[in-house]
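According to numbering that gives the first Met the number 0, the stretch in the sequence shown is residues 0 to 137, in order.
Everything below concerns the one structure shown next.
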Amino acid sequence: MVKPKMLSPALREPKRYIAYKLISEKPIPVADIYNAIWSSLLNFLGEVGVARANVSLGKDMWNEEKKIGILKCAHTDVENVRTALALINRIGDIPVVFHVLGISGTISGARRKFLGEVNLAKFSPPKPEEKPEQASQQ
């Protein structure tokens, strides 16, 4: 079986990652949050607009403890997606507010800036420094 060729990075559609915080009085299941986001996107943008915005909600893009999530969209529709998030004011009977923390061009940048995640594999250990006493004796 022949694999299809991947597009080069220059030909791929640019994407943006929107970090948002959910403010609510009670805990809400992730499935209900994602359903509310999808219904708001469909109501505000319509099916064609959602397809053009290329919105993606991943499983590992929600932090339950901090109530912070990340969603992916096309770079041309960032403001439309932000507006759709702002229009959500209830999930079930629970009043909620979606606060957009920021926008990033990469998923790792969004996680680092807005979720506070750090990849320790990229850091090298500090080099041992020479003590000043030893340097003056030589």
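Beta carbons are placed, not taken as given, at the ideal position from N, Cα and C, and that holds for glycine.
Given the structure is predicted, the values throughout are model-derived calculations rather than measurements.
Quiz item: Which residue or residues does DSSP assign as beta-bridge partners of Leu21?
Solution: Phe97
Self-check item: Ala73, enclosing beta strand (DSSP E) - first and last residue
Solution: Ile67 to Ala73
Exercise. Along the alpha helix (DSSP H) that carries Glu128, what are the first and last residues, could you check?
Key: Note, Glu128: premise wrong, no alpha helix (DSSP H); not H, not E.
Practice problem: Confirm the yes/no value for this check: CB of Glu46, any heavy atom of the ligand ZN, distance under 7 Å. | Solution: Among the components modelled here there is no ligand, and therefore nothing to report on the ligand ZN.
Quiz item: Can you name the start and end residues of the alpha helix (DSSP H) that Asp76 belongs to?
Solution: No alpha helix (DSSP H) contains Asp76, which DSSP labels as neither H nor E.
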